[in-house]
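Colleague: For the sequence shown, position 323 (counting from the first letter as 1) is numbered 398 according to our numbering, and the numbering increases by one without interruption.
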Amino acid sequence: MKKISSFLSITAIAGVLMCVSCTSGQDAGIVKSPFGTLPDGQAADLYTLRNEKGMTVKITNFGGTIVSWTAPDKNGNYEDITLGCDSLSGYLKGTPYFGSIIGRYGNRIAKGKFSLDGKEYTLATNNIGNHLHGGLKGFDKVLWTAAPANGSEPALKLRYTSPDGEEGYPGNLQVEVVYTLQQDNALKIEYSATTDKKTVCNLTNHAYFNLAGAGKGDILNHELALYADRFLPVDSTLIPTGELKPVAGSVFDFTRPVAIGAGINDTGDAQIVAGGGYDHCWILKNNGNTLKLAAVLSEPVSGRRMEVHTTEPAIQFYSGNFLDGTVVGKGNIPYKHRTGLCLETEHYPDSPNQPEFPTAVLNPGETYRSTTIYKF
Ligand code: GLA
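#1: Put G111 into one of helix, strand or coil per three-state DSSP.
#2: Check whether the Cβ atoms of D161 and K320 sit closer than 8 Å, and answer yes or no.
#3: Give the C-beta separation of A268 and L295 to the nearest angstrom, bearing in mind that I take them to be a contact with Cβ-Cβ under 8 Å.
#4: To the nearest whole angstrom, what separates the beta carbons of T274 and Y244, a pair I think is in contact under 8 Å?
#5: Please identify the residue among K107, K212, A146 and D120 whose C-alpha is closest to the C-alpha of F451.
#6: On the three-state DSSP scale, how would you describe G90?
#7: Where does D344 sit, in a helix, a strand or coil, going by DSSP?
#8: Verify whether the separation of the beta carbon atoms of N205 and T312 is less than 8 Å.
#9: CA-CA distance, Q258 and I408?
#10: With burial defined as no fewer than 16 other Cβ atoms inside 10 Å of the residue's Cβ, what is the status of V211: buried or exposed?
#11: Where do the ends of the beta strand (DSSP E) carrying S237 lie?
#12: On the three-state DSSP scale, how would you describe S80?
#13: Quick one: which unbroken beta strand (DSSP E) runs of 3-plus residues sit fully inside the stretch 363-447? Chain order, please.
#14: Give me the residue from K128, T123, G151 and D148 with the minimum Cα distance to V142.
#15: Give the single residue among G378, F284, G111 and H208 whose Cα lies nearest to the Cα of L418.
#16: Should T98 go down as buried or exposed, given a rule of 16 or more other Cβ atoms within 10 Å for buried?
#17: From this set, N150, F110, K107 and G129, which residue's C-alpha is nearest V376's C-alpha?
#18: In this structure, how does DSSP classify L163 when only helix, strand and coil are distinguished?
#19: Please state if the CB of L233 and the CB of A119 are separated by a distance shorter than 8 Å.
#20: Just checking my contact of I347 with I339 at CB under 8 Å: how many whole Å lie between their CB atoms?
#21: Starting from L191 and walking both ways along the beta strand (DSSP E), at which residues does that stretch end?
#22: Given that a residue counts as buried once 16 or more other Cβ atoms are within 10 Å of its Cβ, and exposed if not, what is R179?
#23: Within 7 Å: the Cβ of C160 and any heavy atom of ligand 1?
#24: Could you check the C-alpha separation between Y449 and N136 for me, to the nearest Å?
Dropping the structure here:
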């Protein structure tokens, strides 16, 4: 018995950082393994979170990125339902934010400019003259400090300090993100941040879902419900025009489940044309900062169904329109047009320039907090 327990503790030192109920490698808990080396020599790790039902979520501290995520179909078969790469080198080559934490400001800021207290700030521009998803080197491209978090469910705590002036933003921002894989097959993501100078902050995750399985065709047969009766029309560079447009009577109406393919190619709708499909922000009906159901996504063949709950006032539904097969994902599969979709919970795009939108300003002494739960 003693020999077995010393063997187990050696194994623990080698790989298992924390087990919630450890009797074998397949039990609930969190396991750390190497994920590769960055060009500057820093090592990235991969953390595998497993719950008692058998759901696994693999997260690397490079970009706080969800690398894979298994969910059960109607027969209880678990399959990877999120797009990503097999190794760190894939992420280093560049991906369209597969599964990563997005910050300091998720979505777009027009022309990369905004003012606070009369002072103008200029951000890095990386998307047809606008600032997108934190700039040239956003939170998706930095190495976070990671450690398992205490608690009865497997959880990973990630920390990053974004220095004053990074990508043009004012203030040292201390960011913490906790991923908790709940026993009810839900992944909870809790974001918090503090600053030492007035700044803006809008954090999200950019997971691409394909509930038929990553790399298994497009998402056009998926059905989506969004608990929103208005959305933000955009200009030709995907910046909101400022209008909050009712969805009723248009292909933007997802107030009941609708197949994504039904309206995605409706070129009679100027907003579908502007987005090249769906790439818009929906304003949630209950847009206070309490946790509420924002979206339900389902795929009829597999029977997989996912709910999105959030404290955020809005959700960006992006239908993978820019995927074109050039990025090769897990299992060497090129991710073609619309083979994954994102449901990014967030404040409205370009809020720093649109005073009628809920504020995304963070002051010293305040704590930014945001929670999103993806539940199967
Ligand atoms: C977001 C944007 C899209 C696109 C993707 C990444 O969700 O809204 O326009 O830039 O990220 O390709």
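Cβ atoms here follow ideal geometry from the backbone N, Cα and C, with glycine treated the same way.
Modeller: So, to answer that:
#1: Against the sequence shown, residue 111 aligns to sequence position 36. It is a strand residue.
#2: Looking up residue 161 in the sequence shown gives position 86. Looking up residue 320 in the sequence shown gives position 245. Not in contact: D161 and K320 (Cβ atoms no closer than 8 Å).
#3: Residue mapping note: residue 268 aligns to position 193 of the sequence shown, counting from 1. Residue mapping note: residue 295 aligns to position 220 of the sequence shown, counting from 1. Not confirmed; about 36 Å, so no contact.
#4: Along the sequence shown, read from residue 1 onward, the residue named residue 274 stands at position 199. Along the sequence shown, read from residue 1 onward, the residue named residue 244 stands at position 169. So it is a contact: roughly 6 Å between Cβ atoms.
#5: For the purposes of this step, residue 451 is identified with residue 376 of the sequence shown, where counting begins at 1. Comparing Cα positions, the closest option is A146.
#6: As a first step, residue 90 is located in the sequence shown; it is residue number 15 there, counting from the start. Confidence in G90 is poor, its pLDDT being 41 and thus under 50, which makes the residue's placement too unreliable to answer from.
#7: Locating residue 344 in the sequence shown gives position 269, counting from the first residue. In the structure shown, D344 sits in coil (DSSP, three-state: anything other than H, G, I, E or B).
#8: To locate residue 205, count along the sequence shown from 1; it is residue 130. To locate residue 312, count along the sequence shown from 1; it is residue 237. Going by C-beta atoms, N205 is nearer than 8 Å to T312.
#9: Reading the sequence shown from its first residue, position 183 is the one you call residue 258. Reading the sequence shown from its first residue, position 333 is the one you call residue 408. For Q258 and I408, the distance between alpha carbons rounds to 31 Å.
#10: The sequence position of residue 211 within the sequence shown is 136, counting from 1. Checking the sequence shown, residue 211 turns out to be Leu, not Val. Counting Cβ neighbours within 10 Å, L211 comes out exposed, since fewer than 16 surround it.
#11: Against the sequence shown, residue 237 aligns to sequence position 162. Taken as a continuous stretch (DSSP letters only), the beta strand (DSSP E) holding S237 covers A230 to S237.
#12: To locate residue 80, count along the sequence shown from 1; it is residue 5. With a pLDDT of 38 at S80, under the threshold of 50, the modelled position of that residue is not reliable, and the figure given next carries that caveat. Helix, per DSSP.
#13: 367-373, 380-385, 389-393 and 416-421
#14: Within the sequence shown, the letter at position 67 stands for residue 142. Nearest of K128, T123, G151 and D148 to V142, Cα basis: T123.
#15: Start at 1 with the first residue of the sequence shown, and residue 418 comes out as number 343. Taking only the C-alpha atoms, the option nearest L418 is F284.
#16: Along the sequence shown, read from residue 1 onward, the residue named residue 98 stands at position 23. The predicted position of T98 is uncertain, since its pLDDT is 38 and thus under 50; a value taken from the coordinates is nonetheless stated next. By the neighbour-count rule (16 or more Cβ atoms within 10 Å), T98 is not buried but exposed.
#17: Taking the first residue of the sequence shown as position 1, residue 376 is located at position 301. Minimum Cα distance to V376 is reached at N150.
#18: As a position in the sequence shown, residue 163 is number 88, starting the count at 1. L163 falls in the helix class under three-state DSSP.
#19: For the purposes of this step, residue 119 is taken as residue 44 along the sequence shown, with counting starting at 1. For the purposes of this step, residue 233 is taken as residue 158 along the sequence shown, with counting starting at 1. Not closer than 8 Å, so no.
#20: Counting from 1 along the sequence shown, the entry for residue 347 is found at position 272. Counting from 1 along the sequence shown, the entry for residue 339 is found at position 264. Correct: roughly 7 Å between the Cβ atoms.
#21: The residue given as residue 191 occupies position 116 in the sequence shown. Its beta strand (DSSP E) spans residues K188 to L191.
#22: As a first step, residue 179 is located in the sequence shown; it is residue number 104 there, counting from the start. When all chains shown are included, R179 counts as buried.
#23: Looking up residue 160 in the sequence shown gives position 85. C160 Cβ: outside cutoff for every heavy atom of ligand 1.
#24: Stepping through the sequence shown from its first residue, residue 449 is reached at position 374. Stepping through the sequence shown from its first residue, residue 136 is reached at position 61. Straight-line Cα distance between these residues: approximately 20 Å.
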